Amino acid sequence: TGIYYDDSYNRALLPAGTTNCASATPGAEVAFTEVADKNPHALDAGAGLAGLPGSILSLTGHPETLLNPATLPVDSMTCTPVYPHQYLKVNTIFEVAKAAGLTTAWADKHPAYEILNGPSGKGVDDLFTPEINSKAPTTYGSSDWTKNNLATQQYDGYKVQAVLNEIDGTDHSGTVKRPVPAIFGMNFQSVSTAEKLPTSNGLTGGYLAGGVVPGPLLSKALDYVDASLGRLQSAIASHGLAKNTTIILSAKHGQSPTDPAALVRVPDAPIIDGLNAAWKVGHPADADLVVFSTNDDVMQLWLSDHSTGAAAFAKTYLATHSAAGNTIAGTAKTVAASGLSTIYAGAEVARYFGVNESDARYPDIFGLVITGVVYTGGKSKIAEHGGASADDRDVPLVVSTVGTSDERDAHRSRTVDSAVETTQIAPTILKLLGLDPKQLQAVRIEGTDVLPRH
Numbered sequence: 002t003g004i005y006y007d008d009s010y011n012r013a014l015l016p017a018g019t020t021n022c023a024s025a026t027p028g029a030e031v032a033f034t035e036v037a038d039k040n041p042h043a044l045d046a047g048a049g050l051a052g053l054p055g056s057i058l059s060l061t062g063h064p065e066t067l068l069n070p071a072t073l074p075v076d077s078m079t080c081t082p083v084y085p086h087q088y089l090k091v092n093t094i095f096e097v098a099k100a101a102g103l104t105t106a107w108a109d110k111h112p113a114y115e116i117l118n119g120p121s122g123k124g125v126d127d128l129f130t131p132e133i134n135s136k137a138p139t140t141y142g143s144s145d146w147t148k149n150n151l152a153t154q155q156y157d158g159y160k161v162q163a164v165l166n167e168i169d170g171t172d173h174s175g176t177v178k179r180p181v182p183a184i185f186g187m188n189f190q191s192v193s194t195a196e197k198l199p200t201s202n203g204l205t206g207g208y209l210a211g212g213v214v215p216g217p218l219l220s221k222a223l224d225y226v227d228a229s230l231g232r233l234q235s236a237i238a239s240h241g242l243a244k245n246t247t248i249i250l251s252a253k254h255g256q257s258p259t260d261p262a263a264l265v266r267v268p269d270a271p272i273i274d275g276l277n278a279a280w281k282v283g284h285p286a287d288a289d290l291v292v293f294s295t296n297d298d299v300m301q302l303w304l305s306d307h308s309t310g311a312a313a314f315a316k317t318y319l320a321t322h323s324a325a326g327n328t329i330a331g332t333a334k335t336v337a338a339s340g341l342s343t344i345y346a347g348a349e350v351a352r353y354f355g356v357n358e359s360d361a362r363y364p365d366i367f368g369l370v371i372t373g374v375v376y377t378g379g380k381s382k383i384a385e386h387g388g389a390s391a392d393d394r395d396v397p398l399v400v401s402t403v404g405t406s407d408e409r410d411a412h413r414s415r416t417v418d419s420a421v422e423t424t425q426i427a428p429t430i431l432k433l434l435g436l437d438p439k440q441l442q443a444v445r446i447e448g449t450d451v452l453p454r455h
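Position one of the sequence shown corresponds to residue 2 (this note's numbering), numbered consecutively onward.
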């Protein structure tokens, strides 16, 4: 895909706002987050709707129009902003479905997620993207919709209603008649914030000791999602769609750590400052070595010097540096090797991701954390994502599909122990629709199989 994070860096693009491309120096942040909105503080991302938040279902289904081009990186060849869908290297299931004459829809958390449209920019007919990191109603006493779990549930409720409207044969707003989409769905955020918040609404977030049983806040969030799914399922049945609809429930990622006792919050700024200072000792005239970083429960560093020597220097520093952190109780704790268990540098990173060393997108340093480490400067998080631990990558996958009556009886509520990956969901959807999964470029490149049928 060429996408390393929703906030990353590209050594070949020009910084946002560049107009004199002939003289500009390559190297730019690629921020496909709320910062790309026309107004990141507004639920409608700057669309100017009156009566928010209640009017949010009137939001456009074309979120590319809600992005501020001045915030986007610039293509050095064309001297024009690069939109999220243009940054994606391969096509999406929405584009494949559209090419087959099918209707598509989706609901997600940022207008920048118009990346789902794929390189054509036209994959999703109806894409509803209220901004989750905008200001929430003052009644929640939180800075945005993610800082209070009841606020997150209200936010998710708008997307649930959007999908209900689409099941009813309209667009997400409920006002324009359209065919029920062949591919549609939404992203829930309520579980994610309940896993990450230490407390909310008087309840403790995350999991109980041992990291297996959901705590009180997470349990309520799961109950909310379960009830919402019940509403969607009931609507599908009431419209006579149950016999030709497959429902797939999964997650983009987990959160680490699930066990509260494993948590070590490590401020990453002092680590980066120390690395830059160490580099300056031998290179006093050079710029800071770290030009950009994205660190959650993974460390990704892009360096101003892309040489093998600079990458090796950074790797050695990180491996020999002890970092200060704190536990879930706030007790001080020091971690070795900057909190990292494995560090890849330079060409090692390219090999890890399977890309050419000449690729302009991959980080110069890619570090996998010691399980439990979360890079954060405060104490507002008890878990994060982005890493490669089991907590990060082991996610639920539930498929409720149609078939003959004998198949439904034989396969009711079964647990399938086969090893599968979430990348298999997309080709499976296409196969269910009678389309060729190999129309997905990523399937052809990586040889991705459909999910096994048991």
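Just so it is clear, CB atoms sit at the ideal spot from N, CA and C, and this is done for glycine as well. Predicted model, so just to flag it, every value in this text is computed and none were measured.
Spatial distance of residue i from residue j (CA atoms)
{"i": "Thr405", "j": "Arg413", "result": "For Thr405, the predicted model reports a pLDDT of 49, less than 50, meaning its position is unreliable and no value from the coordinates is stated."}
{"i": "Asp269", "j": "Gly378", "result": "7 Å"}
{"i": "Thr321", "j": "Ala338", "result": "5 Å"}
{"i": "Leu198", "j": "Asn21", "result": "44 Å"}
{"i": "Tyr156", "j": "Ala278", "result": "43 Å"}
{"i": "Ile184", "j": "Leu223", "result": "24 Å"}
{"i": "Lys244", "j": "Val403", "result": "6 Å"}
{"i": "Leu250", "j": "Asn40", "result": "32 Å"}
{"i": "Arg428", "j": "Thr372", "result": "A small fix is needed here, since residue 428 is Pro in this sequence, not Arg. Each residue's Cα considered, the two are about 32 Å apart."}
{"i": "Thr246", "j": "Trp107", "result": "16 Å"}
{"i": "Lys90", "j": "Thr2", "result": "5 Å"}
{"i": "Ala195", "j": "Ser220", "result": "9 Å"}
{"i": "Ile383", "j": "Thr295", "result": "18 Å"}
{"i": "Gln154", "j": "Gly310", "result": "48 Å"}
{"i": "Leu434", "j": "Pro120", "result": "22 Å"}
Terminal residues of the alpha helix (DSSP H) in which residue i lies
{"i": "Leu219", "result": "217 to 239"}
{"i": "Asn277", "result": "270 to 283"}
{"i": "Tyr318", "result": "309 to 321"}
{"i": "Arg394", "result": "391 to 394"}
{"i": "Val444", "result": "442 to 447"}
{"i": "Gln256", "result": "It is not in any alpha helix (DSSP H) - Gln256 carries neither H nor E in the DSSP assignment."}
{"i": "Thr372", "result": "No alpha helix (DSSP H) contains Thr372, which DSSP labels as neither H nor E."}
{"i": "Arg454", "result": "Unbroken run through Arg454: none, as it is neither H nor E."}
{"i": "Thr194", "result": "191 to 197"}
{"i": "Leu250", "result": "Run containing Leu250: none in the alpha helix (DSSP H); it sits in the beta strand (DSSP E), 248 to 250."}
First and last residue of the uninterrupted beta strand (DSSP E) at residue i
{"i": "Lys334", "result": "333 to 336"}
{"i": "Ala512", "result": "The shown model of the chain, from 2 to 455, leaves out residue 512, and the question about it has no answer."}
{"i": "Asn296", "result": "291 to 296"}
{"i": "Asn150", "result": "First-last for Asn150: 150 to 168, but that is the alpha helix (DSSP H), not the beta strand (DSSP E)."}
{"i": "Ala106", "result": "106 to 108"}
{"i": "Ala346", "result": "341 to 346"}
Per DSSP, cross-strand counterpart(s) of residue i
{"i": "Glu35", "result": "Looking at the DSSP assignment, Glu35 forms no beta bridge with any residue, so it has no partner."}
{"i": "Ser9", "result": "Val31"}
{"i": "Ala119", "result": "One detail in the question is off: residue 119 reads as Gly in this sequence, not Ala. Beta-bridge pairing links Gly119 to no other residue."}
CB contact check: residue i to chain B, cutoff 8 Å
{"i": "Asp395", "result": "Absence of chain B from the displayed structure is noted, only one protein chain being present."}
8 Å Cβ cutoff met for residue i and residue j
{"i": "Gly347", "j": "Asp360", "result": "no"}
{"i": "Thr328", "j": "Val265", "result": "yes"}
{"i": "Gly52", "j": "Leu67", "result": "no"}
{"i": "Asn11", "j": "Pro70", "result": "no"}
{"i": "Asn149", "j": "Gly158", "result": "no"}
{"i": "Pro138", "j": "Pro54", "result": "yes"}
{"i": "Lys160", "j": "His42", "result": "no"}
{"i": "Asp109", "j": "Asn188", "result": "yes"}
{"i": "Gly355", "j": "Val299", "result": "no"}
{"i": "Lys334", "j": "Gly326", "result": "yes"}
{"i": "Leu128", "j": "Leu117", "result": "yes"}
For this session: Report yes or no: do the region 198 to 214 and the region 160 to 168 share at least 3 C-beta pairs separated by less than 8 Å?
Result: no
Exercise. Is the region 247 to 263 in contact with the region 304 to 320, if contact means three or more CB pairs nearer than 8 Å?
Worked result: no
Exercise. With contact counted as at least three CB pairs below 8 Å, one residue from each stretch, are the region 96 to 104 and the region 2 to 9 in contact?
Worked result: no
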